[in-house]
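Trainee:
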Amino acid sequence: MKSLFLGTAALALSAGLAMADTVRLGTEGAYPPYNFLNDAGEVDGFERELGDELCKRAGQTCEWVTNDWDSIIPNLTSGNYDAIIAGMSITAERAEVVDFTQGYTQPSPSSFAAMSADVDLKTAVIAAQASTIQAAHVAESGATLVEFPTPDETIAAVKSGEADAVLSDKDYLNPIVAETDLMLLEDILLGGGIGMAFRKSDAELRGKFDAAIASMKEDGTLNELLAKWEIEGQF
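In structure tokens form, the structure reads like this:
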């Protein structure tokens, strides 16, 4: 079964090499360690390295485009770029609008963080980035949800007292907790891992990148990247 899978992946990759096209990759550029803008104003982070490697394996020339999170799916479907690679968790709701590749991380924990260990997460005011699985979870939990356009603003809301706690990816919160007075309170598992998203009309292109992800899992380079950027959810 494994050899058959590798053969299929290799065939898809070789087909991609024969038809090199420019693919525009949409990302947020504001969610380290997955994606952020470095001092030169360029997209950087785990997904920059991952995306560049996937493009090579899929035989594609790629360009990076940054877009605000709250409109990242609408701008994909309207044609402003060809794929999303932006720390986007695979969910059934999103899969009604876009098609995902297989996950390039396992489902990794989200965490609550607060300035005090005494916060009652069932009744607290919880900050979360808008249009995320974390915001959806808070809205369904009975706590009071306060949404913000960017992850930085959710942290600022807790520090200022506007919110009692924040819910976000643990990978994002870990370095912030290490450098501030925030503390982690509780982990939860949400979503089905993180994957690339494509328009439903671009099944062939999605297939090339899906095969590239599979090849990185098989040769261990995906786990090496995950470890380099200290991201949980290795294969």
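The sequence shown maps to residues -20 to -1, 1 to 215 in mature numbering (1 follows the signal peptide of the UniProt record, and there is no 0). Virtual Cβ for every residue (Gly too), placed ideally from N, Cα, C.
1) On the CB-based measure, 16 or more other CB atoms within 10 Å of its CB, does Leu162 come out buried or exposed?
2) What number of angstroms, rounded off, separates the C-alpha of Leu34 from the C-alpha of Tyr84?
3) Can you tell which of Lys188, Val45, Ser88, Phe189 has its C-alpha closest to the C-alpha of Glu8?
4) Using DSSP with H/G/I as helix, E/B as strand and the rest coil, what is Glu166?
5) How far does the beta strand (DSSP E) with Thr46 in it extend, from its first residue to its last?
6) Distance check for Ala20 and Pro87, CA to CA, integer angstroms please.
7) According to the neighbour-count rule (16 or more other Cβ atoms, all chains shown, within 10 Å of its Cβ), is Glu210 buried or exposed?
8) Check whether chain C comes within 8 angstroms of Ala136, counting only Cβ atoms and requiring the distance to be less than that.
9) Measuring CA to CA, which of Met176, Arg179, Ala108, Ser140 is closest to Lys150?
Mentor: Well, looking at it:
1) To locate residue 162, count along the sequence shown from 1; it is residue 182. Answer is buried; the Cβ neighbour count reaches 16.
2) Within the sequence shown, the letter at position 54 stands for residue 34. Within the sequence shown, the letter at position 104 stands for residue 84. Cα to Cα, Leu34 sits roughly 11 angstroms from Tyr84.
3) Position 28 of the sequence shown, counted from the first residue, corresponds to residue 8. If we check each option's Cα against that of Glu8, Val45 comes out closest.
4) Looking up residue 166 in the sequence shown gives position 186. It is a strand residue.
5) On the sequence shown, position 66 is the one that residue 46 refers to. Looking at the DSSP string, the run of the beta strand (DSSP E) that includes Thr46 is 41 to 46.
6) Within the sequence shown, the letter at position 107 stands for residue 87. Within the sequence shown, the letter at position 40 stands for residue 20. Near 32 angstroms, if we compare the C-alpha coordinates of Ala20 and Pro87.
7) What you label residue 210 is simply residue 230 of the sequence shown in a count that begins at 1. Label assigned to Glu210: exposed.
8) Looking for chain C here will not work: only one protein chain is present.
9) Position 170 of the sequence shown, counted from the first residue, corresponds to residue 150. Among Met176, Arg179, Ala108, Ser140, the Cα nearest to that of Lys150 is on Ala108.
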